[in-house]
Amino acid sequence: MAQTANSNVIEELVVTAQKKEEALQDVPIAVSAFDQNALEKSKIDGGPNLVLAVPNVNFSKGNFTGYNFQIRGIGSKLVAGSGDAGTGIHLNNAPLIANNLFETEFYDVERVEVLRGPQGTLYGRNATGGVVNLITAKPKDVFEGNVRAEYGNYNTIKGRGMINIPLGDMFALRVAGSYLKRDGFGKNLVTGNDADDRDLFGTRATLAFKPTEKFRAWVMWDHFEEDDNRSRIGKQFCSKDTGPANVGGVGFSPVAPIAQIEQGLFSQGCRATSLYAADALGTVNSQATLGGLFGALGGFQTGDAYAGKMQTPNIRDIESTFDPIYKSKTDIYEFNAAFDVADNLTLNWLSAYTFYKLTTRQDYNRYTPSVPFNTTPNPVNAFAALGAAYNSIYAGLFPGGAINDPQNGRFNRFTTSDISSGYTEQWSHEVRLQSSFEGPFNFNVGGIFSRFQGTGDYYVMFNTGTGFYQINNFLNTGNANCTTGAACVAVDPNADPNRSGHNYYDSYGPYDLTSYALFGEFYYQMSDNFKWTLGLRYTVDEKDVENHSVVLGTPGSGIGSPLPGQDAILHVKFKKPTGRFGFDWKPDLALTDETLVYAFYSRGYKSGGLNSPPSPGIGVVPTSLIFKPELIDAYEIGTKNTLLNGTMQLNLTGFYYDYKNYQISRIINRASTNDNIDAEVKGLELESIWQPLEGLRLNAAIGYLDTKIKDASLVDTFNRTGGNPLLTVVKSSSASNCVTSTASAAQALAITNAANNPFTLLGVCTITSAAGAGTNIAGTGAIAAGTNAFGGLVSEGVPQDLSGNDLPNAPHWTISLGAQYTWNFGDWDATLRGDYYHQTKTFARIYNSQPDAIKAWDNVNLTLTVNNADMGVELAGFIKNATNEKAITDFYLTDDSSGLFRNVFYTEPRTYGVSVTKRW
44 MAQTANSNVI EELVVTAQKK EEALQDVPIA VSAFDQNALE KSKIDGGPNL
94 VLAVPNVNFS KGNFTGYNFQ IRGIGSKLVA GSGDAGTGIH LNNAPLIANN
144 LFETEFYDVE RVEVLRGPQG TLYGRNATGG VVNLITAKPK DVFEGNVRAE
194 YGNYNTIKGR GMINIPLGDM FALRVAGSYL KRDGFGKNLV TGNDADDRDL
244 FGTRATLAFK PTEKFRAWVM WDHFEEDDNR SRIGKQFCSK DTGPANVGGV
294 GFSPVAPIAQ IEQGLFSQGC RATSLYAADA LGTVNSQATL GGLFGALGGF
344 QTGDAYAGKM QTPNIRDIES TFDPIYKSKT DIYEFNAAFD VADNLTLNWL
394 SAYTFYKLTT RQDYNRYTPS VPFNTTPNPV NAFAALGAAY NSIYAGLFPG
444 GAINDPQNGR FNRFTTSDIS SGYTEQWSHE VRLQSSFEGP FNFNVGGIFS
494 RFQGTGDYYV MFNTGTGFYQ INNFLNTGNA NCTTGAACVA VDPNADPNRS
544 GHNYYDSYGP YDLTSYALFG EFYYQMSDNF KWTLGLRYTV DEKDVENHSV
594 VLGTPGSGIG SPLPGQDAIL HVKFKKPTGR FGFDWKPDLA LTDETLVYAF
644 YSRGYKSGGL NSPPSPGIGV VPTSLIFKPE LIDAYEIGTK NTLLNGTMQL
694 NLTGFYYDYK NYQISRIINR ASTNDNIDAE VKGLELESIW QPLEGLRLNA
744 AIGYLDTKIK DASLVDTFNR TGGNPLLTVV KSSSASNCVT STASAAQALA
794 ITNAANNPFT LLGVCTITSA AGAGTNIAGT GAIAAGTNAF GGLVSEGVPQ
844 DLSGNDLPNA PHWTISLGAQ YTWNFGDWDA TLRGDYYHQT KTFARIYNSQ
894 PDAIKAWDNV NLTLTVNNAD MGVELAGFIK NATNEKAITD FYLTDDSSGL
944 FRNVFYTEPR TYGVSVTKRW
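Positions in the sequence shown are counted from 1; adding 43 to them yields this note's numbering.
Encoded structure:
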């Protein structure tokens with residue numbers, strides 16, 4: 044998408060989509076490319092903004108510091124340490140498994156390429172959706188440099204710079220950097236500080252070496268660092284579920300404190316309502332959460348900690364006990380060498396090493412309770428049998444009702460927080476031999492080896508859990524904060540947890556990937572204008588995960604052992620052949636200056652992985668240790684045309700995918716369970732540039748996408764009963780949910796009322812017998828896993844028919860329209876540009892229910908650039924998201940034991956500013 048302002052003929056842009064330099068219009072692949080000038084004019088500052096310019100692309104942040112970059116409906120909707128993204132992210136053709144695509148900004152780049160469709164031959168690994176390839180600017184043999192300063196609203200300060208220095212005849216050095224600091228988009232209403240601010244920078248140094256005409260090489264170091272209060276996740280949405288008025292006609296206990304707990308155990312925390320419901324910014328019913336359950340068991344909390352509370356309507360504001368913490372650091376080292384072993388034969392070696400470190404910490408709910416802890420315990424508690432002695436113990440351990448939790452601090456209110464961290468190292472080596480013979484046959488063959496090692500934790504820390512274990516520790520050992528001992532549930536004394544404690548949830552499973560492949564493409568030029576291509580690849584992926592069960596609340600200290608019957612190291616190996624076959628043809632047509640027609644079949648592959656172990660003994664759902672690889676059989680036909688004497692480019696693509704084993708996650712038993720379902724994908728894409736007269740430039744990128752899930756059914760954890768009144772949701776002893784018949788639930792409630800102990804209900808989800816397993820409960824479709832102590836059948840829920848549903852985050856239409864005009868005033872040029880983007884509605888989950896629906900949204904960017912090429916001076920002003928659209932891009936549905944709230948992700952608000960650039 045490069046252009047010249049001095050002519051209305053579109054300037055040719057060279058890309059390396061096929062690992063060789065070719066004009067964009069000559070590449071038989073659906074690829075969008077942007078040079079640095081195009082990125083700046085359209086305000087494509089970083090990876091998330093690519094959605095505004097590429098057809099059939101969608102982007103959103105994820106819940107655990109990651110993101111989902113989808114191409115044609117294919118990306119990463121799974122949550123698994125051993126999982127892979129469907130879109131490959133590459134830096135100078137080297138694959139990056141852990142990366143900062145959504146955090147860093149583009150600077151000093153030669154171009155950014157987005158390849159759409161499975162890239163199963165030449166590129167990296169697991170590129171079933173496509174590839175984003177960032178090509179950095181390389182050293183040149185001339186001196187040049189630039190510096191750019193920008194200031195905008197939210198007190199935004201940006202700086203970029205580059206200097207290129209020739210070092211004799213053989214060497215050249217290029218150094219570049221980028222800096223961003225701004226205030227927050229919102230406020231933390233508790234601390235009064237900014238929320239979601241930025242303070243980050245990146246640096247890059249590249250040294251090029253060319254001792255002879257036959258040998259050339261470069262080595263690069265790229266560094267990124269961030270330390271600020273970025274909000275990892277957006278607003279929490281919840282329409283509070285207060286629980287039913289009765290269960291099957293059976294009322295709750297006449298004793299009010301007992302009735303209050305009973306009703307809470309029939310709540311799922313949040314109701315399954317629309318994101319746009321009037322009460323969507325409510326608060327979770329804490330009684331339906333694990334922390335709330337411990338609050339009831341210990342007598343800390345009476346009823347719902349957030350009773351009557353609504354969140355602030357400002358989607359950018361939070362209400363957190365402390366400000367979010369976000370720290371990220373990445374170092375990438377790359378080396379590339381090319382040697383012409385013969386006049387038409389080049390050997391290329393690309394090696395890369397990446398070190399990635401990320402730590403984030405924030406308030407789990409991002410709003411504070413309306414009801415404090417009890418100064419004396421609620422008389423209905425799990426220790427009531429101790430009588431007055433318990434009141435004394437409570438007063439001694441929790442004076443004034445305040446729990447001293449080492450991780451959350453000392454508070455007399457329900458307090459939760461989480462930490463998501465990751466530490467990874469990756470090595471990759473690729474060797475390719477590429478020909479450029481004058482005859483009809485050519486090839487591009489090679490091999491790649493990658494090693495990726497990652498570790499990290501996801502902690503959830505809640506003070507009611509710590510308080511409950513402190514009580515038990517005091518009773519069992521005499522030391523509430525014991526750290527060792529057979530009867531001790533270790534309380535980690537450190538503010539920053541170190542995996543020693545069993546008073547918090549910790550998901551920990553170090554991951555080791557070894558991947559290697561042989562690949563090649565072979566080209567036969569059958570005639571001057573017709574070429575056949577055959578690509579083949581054989582990939583081997585070996586994955587190992589340390590198997591550590593969740594040890595929350597279990598006696599002991601340190602990380603958990605494997606679940607009974609499982610190995611200490613879980614291992615899986617996948618081996619798959621992939622490739623592509625097709626042709627490209629350049630017919631001589633009267634209607635066009637140049638035309639390329641291409642058609643290809645390709646097979647894409649994304650490896651499977653290992654499911655994380657669930658919390659032991661708390662659910663009725665059997666989980667497979669392994670989820671399967673994704674396979675895509677893709678059929679694509681396209682044409683690229685240059686028309687009207689080189690002033691117009693018009694490219695069209697049509698595609699159909701047979702998609703097997705789509706990987707999708709559900710959070711069950713406080714662990715991610717990844718399922719496989721089949722789907723089909725088809726669509727059309729149009730990309731066009733037209734310069735009808737000198738200075739005027741129009742562009743369009745339009746995508747149509749139709750995705751359909753094939754025959755599949757899964758239980759929706761947000762709606763386990765399927766809306767059937769014959770079924771009722773009940774809390775388990777670990778605050779997960781199960782389903783039983785309403786009649787059985789009513790019977791259990793009657794027994795509980797008679798016992799005057801609300802915690803009797805916690806046995807409803809506990810299977811004591813296999814009797815009745817496989818039974819369709821009351822003809823509702825809920826299949827029983829067994830029978831509980833009350834004689835009722837227990838089920839995970841009613842499977843929902845998914846057939847014909849859309850894949851998540853796959854809008855039917857994406858429309859990008861742009862226009863710019865350049866005026867010449869002697870030595871000065873002025874360019875005014877506007878970009879409009881529209882995305883139709885999508886669904887965040889495979890169930891396509893009303894709670895999953897995300898409305899259509901729009902975006903408008905405007906820029907004005909004034910440039911004097913002779914002076915090397917450029918002045919610019921911009922507005923991004925000019926209409927201040929508050930668009931939801933996705934959400935994450937949490938676990939039963941957290942109350943089934945949804946963490947929602949938004950686009951950024953309207954920003955504007957000015958910049959000045961000086962070039963030498």
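Backbone N, C-alpha and C define an ideal beta-carbon position, used for all residues, glycine too.
Closest to residue i by CA distance: which of the options is it?
{"i": "TYR512", "options": "GLY124, TYR567, GLY342", "result": "GLY342"}
{"i": "THR458", "options": "VAL841, GLN344, ALA789, ARG159", "result": "GLN344"}
{"i": "LEU388", "options": "SER604, ALA76, LEU476", "result": "LEU476"}
{"i": "TYR699", "options": "GLN692, GLU679, GLU268, THR526", "result": "GLU679"}
{"i": "ILE178", "options": "GLU377, ALA873, GLY651", "result": "GLU377"}
{"i": "VAL588", "options": "GLY563, THR498, ASN451, SER838", "result": "THR498"}
{"i": "PHE295", "options": "LEU804, ALA825, GLY229", "result": "LEU804"}
{"i": "PHE454", "options": "ASN421, PRO412, ARG225", "result": "PRO412"}
{"i": "SER394", "options": "GLY490, ALA315, GLN330, TYR648", "result": "GLY490"}
{"i": "ALA299", "options": "LYS257, GLY806, GLY346, CYS281", "result": "GLY346"}
{"i": "TRP392", "options": "GLY124, LYS62, ASP718, ASP938", "result": "LYS62"}
Using a threshold of 7 angstroms, state whether the C-beta atoms of residue i and residue j are closer than that.
{"i": "GLN311", "j": "ASP270", "result": "no"}
{"i": "SER941", "j": "THR332", "result": "yes"}
{"i": "LEU695", "j": "LEU639", "result": "no"}
{"i": "ALA215", "j": "ALA380", "result": "no"}
{"i": "LYS574", "j": "TYR566", "result": "yes"}
{"i": "ILE301", "j": "PRO801", "result": "yes"}
{"i": "ILE931", "j": "VAL947", "result": "yes"}
{"i": "ILE675", "j": "ILE720", "result": "no"}
{"i": "GLY160", "j": "ALA73", "result": "yes"}
{"i": "LYS370", "j": "THR402", "result": "yes"}
{"i": "ARG203", "j": "ASP78", "result": "no"}
{"i": "HIS881", "j": "ASP901", "result": "yes"}
{"i": "THR249", "j": "HIS266", "result": "no"}
{"i": "SER731", "j": "LEU693", "result": "yes"}
{"i": "PRO98", "j": "ALA744", "result": "yes"}
{"i": "PRO952", "j": "ASN911", "result": "no"}
{"i": "GLN303", "j": "PHE944", "result": "no"}
Taking the beta carbon of residue i as the centre, do at least 16 other beta carbons fall within 10 Å, making it buried, or is it exposed?
{"i": "ILE612", "result": "exposed"}
{"i": "LYS586", "result": "buried"}
{"i": "TYR30", "result": "Any answer about residue 30 is impossible in this case: the structure gives the chain only from 44 up to 963."}
{"i": "LEU561", "result": "exposed"}
{"i": "TYR644", "result": "exposed"}
{"i": "LEU632", "result": "exposed"}
{"i": "MET353", "result": "exposed"}
{"i": "GLY105", "result": "buried"}
{"i": "THR960", "result": "buried"}
{"i": "TYR110", "result": "buried"}
{"i": "SER846", "result": "exposed"}
What is the residue span of the alpha helix (DSSP H) that residue i lies within?
{"i": "PHE517", "result": "506–520"}
{"i": "TYR437", "result": "431–440"}
{"i": "GLU83", "result": "79–84"}
{"i": "LEU792", "result": "785–798"}
Return yes when at least one heavy atom of the ligand MN lies under 6 angstroms from the C-beta of residue i, else no.
{"i": "LYS84", "result": "No copy of the ligand MN occurs in the structure displayed, which carries no ligand at all."}
Tell me which residue opens and which closes the beta strand (DSSP E) that residue i is part of.
{"i": "THR389", "result": "388–406"}
{"i": "LEU936", "result": "931–936"}
{"i": "SER463", "result": "459–478"}
{"i": "VAL807", "result": "VAL807 -> no beta strand (DSSP E), and no H or E assigned at all."}
{"i": "ILE710", "result": "691–711"}
Every unbroken beta strand (DSSP E) within the stretch 245–332, with a cutoff of 3 residues, ordered by chain: 258–271
Where are the beta strand (DSSP E) runs, 3 residues long or more, that stay fully inside the stretch 107–141, in chain order? 110–114, 130–134
Give, in chain order, every unbroken run of the alpha helix (DSSP H) that is at least 4 residues long and sits entirely within the stretch 844–925. none
Which full runs of the beta strand (DSSP E) of 3+ residues lie inside the stretch 348–385, going along the chain? 368–385
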